[in-house]
Amino acid sequence: MALTLKAVIMKDDNVLVVKRAADEKMNPGKWDLPGGHIEKGETVEESLRREVLEETGLHIEMVDIIAITEFAKDSPLFEQEKRGLRFLATYVSGEVRLNPAEHSDFVWTSFDEAIALFDPQDGFENEKRQTLIKAKNAHEKNIALAYWRKTHGITDAS
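Here the sequence shown is numbered in my numbering, starting from 346 and rising by one per residue.
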């Protein structure tokens, strides 16, 4: 079983969405989220940071795990079953520099606009769409909790 990682990267009130290269063997030309596979000896966090840096040139900080997805080996393109861990992350530094072998375009956009890029009838796209919906919900809960803590004088040290 393989483990894949994807990040919904937030910068201000926008999220990063990348378009897969036209010559990718799986889902060419479709919008996607940055991420990849764990390499031997890496932790999940190390892997996600490395993959995002390789694919986008960005440094990120992981905020929260938002989804665990299972992919059955029902495609001839899959060599084995896969599990996917999906994370909410924040932008730390860097400028987007895509690896043209993997991605052809990118956009920083609102959650709602990003969600609209993905077709709910397409399995590949719907998984990303659902990930974005979960990330939006997690982000909104984090904002509400931070506001509540602030208005009640609660700090991390309390």
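Don't be surprised by glycine CBs; every beta carbon is placed ideally from N, CA and C. Keep in mind it's a predicted model, so treat the numbers as computed, not measured.
Under a three-way DSSP split, which group does PHE463 fall into? In the three-state DSSP reduction, PHE463 falls in the coil class, being neither helix nor strand.
Cutting at 7 Å between CB atoms, please list the residues of its own chain near THR454, excluding the five before and the five after it. Same-chain partners within the cutoff: ASN359, VAL360, VAL362.
Determine the contact status of VAL441 and GLY402, defining contact as a CB-CB distance below 7 Å. Yes. Within cutoff.
May I have the straight-line CA-CA distance separating GLU415 from ARG428, to the nearest angstrom? The alpha-carbon atoms of GLU415 and ARG428 are separated by roughly 5 Å.
According to DSSP, what are the bridge partners of LYS356? Partner(s): ASN359.
7 Å Cβ cutoff met for LEU433 and ASP409: The answer is yes: Cβ separation under 7 Å.
Within 10 angstroms of its Cβ, does TYR492 collect 16 or more other Cβ (buried), or is it exposed? Under this definition TYR492 is an exposed residue.
Ordered along the chain, which non-local residues of its own chain (more than five positions away) have a Cβ less than 6 Å from that of LYS351? Hits under 6 Å: LEU378, GLY380, ARG431.
Which of helix, strand or coil DSSP assigns to GLY402: Here GLY402 sits in coil by DSSP.
Mapping the DSSP letters down to three states, classify GLU396 as helix, strand or coil. Here GLU396 sits in helix by DSSP.
Just the Cα atoms here: how many angstroms apart are ASP467 and THR500? Their Cα atoms are separated by approximately 43 Å.
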